[in-house]
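In what follows, a single structure is set out as structure tokens and then discussed.
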Amino acid sequence: MTGRVMIIGAIEAGKSSLVKALFNDEQPARKTQALEYRDWVIDTPGEYSENPMFYRTLMATSLEATLVVMVQDATRERNYFPPGFSQGFPQACVGVITKIDHPEADVQRAEGFLRQSLGDAPIFRTSAYTGEGVPALRAYLQEIVSE
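Take 1 as the starting number for the sequence shown in the UniProt record's numbering and just add one per residue.
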């Protein structure tokens with residue numbers, strides 16, 4: 001693998017759980033306090049996406065990545081990414097909806113939020129809890145980073 005993907009999203013959006021699912025790691029997820037590099041993934045703290053003061057850090061860190069993965073929690077009632085946010089990155093972005101198995105999940109709403117920030121880029125629907133959608137996402141990401 002030559003490239004990396006950078007995972008961004010709000011606090012408790014499921015980024016670290018998604019990373020663990022991508023690596024088949026069954027350890028419980030914990031709060032990401034700083035940038036964490038794991039093989040071909042860069043996991044970012046949720047504060048970086050929620051606070052515009054950290055946008056520069058996200059943009060700078062994205063230079064180490066081949067692809068940016070924007071994570072939207074299906075249970076959230078608001079979008080934590082500004083409209084057109086993906087256009088601020090020099091590389092391609094994709095969306096991932098997490099927690100699709102949750103009883104309060106609204107996948108259509110989550111996809112609508114991502115579309116506002118991401119345009120017509122691919123969006124994957126996942127559950128780190130059940131594993132749904134994770135194999136397809138893993139295969140897609142590994143293909144991107146190995147190019």
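Glycine is no exception: its CB is placed at the ideal position from the N, C-alpha and C atoms.
Helix, strand or coil: how does DSSP classify Tyr37 here?
For this step, residue 37 is matched to residue 37 along the sequence shown. Note: Tyr37 maps to strand in three-state DSSP.
Residue burial classification, Gln116 (beta-carbon count within 10 angstroms, cutoff 16):
Residue 116 sits at position 116 when you count from the first residue of the sequence shown. Answer is exposed; the Cβ neighbour count stays below 16.
Examine the Cβ distances between the stretch 127 to 144 and the stretch 43 to 59 and report whether three or more of them are shorter than 8 Å.
no
Mind checking whether Val96 and Thr126 have CB atoms under 8 Å apart?
Counted from its first residue, the sequence shown places residue 96 at position 96. Counted from its first residue, the sequence shown places residue 126 at position 126. Contact: yes.
Neighbourhood of Ala136 by C-beta distance below 8 Å, restricted to the same chain and skipping five residues each side
Here residue 136 refers to the residue found at position 136 when the sequence shown is read from its first residue. Hits under 8 Å: Phe124.
Tell me the rounded alpha-carbon separation between Leu35 and Leu18.
Against the sequence shown, residue 35 aligns to sequence position 35. Against the sequence shown, residue 18 aligns to sequence position 18. Cα-Cα distance, rounded: 15 Å.
Taking a contact to mean a Cβ-Cβ separation below 8 Å, would you say residue 148 touches Ser62 in this structure?
Since the first residue shown for the chain is 1 and the last is 147, residue 148 is missing from the structure and cannot be characterised.
First through last residue of the alpha helix (DSSP H) which encompasses Gln108:
To locate residue 108, count along the sequence shown from 1; it is residue 108. Residues Val107 to Leu118.
If you compare alpha carbons, which of Leu141, Gly14 and Leu22 is closest to Thr32?
Position 32 of the sequence shown, counted from the start, is the residue given in the question as residue 32. Selected option, being the one with the closest Cα: Gly14.
Spatial neighbours of Ile11 within its chain, please: CB distance less than 7 Å, with the 5 preceding and 5 following residues excluded, ordered by chain position.
Working through the sequence shown from its first residue, we reach residue 11 at position 11. Closer than 7 Å at Cβ, skipping near neighbours: Gly46, Glu47 and Glu50.
For Gly95: DSSP bridge partner residues
Here residue 95 refers to the residue found at position 95 when the sequence shown is read from its first residue. Answer is Met70 and Ile123, bridged to Gly95.
Hey, could you find the ends of the alpha helix (DSSP H) Ile144 is sitting in?
Counting from 1 along the sequence shown, the entry for residue 144 is found at position 144. It spans Val134 to Ser146 - the alpha helix (DSSP H) in which Ile144 sits, taken as one unbroken run.
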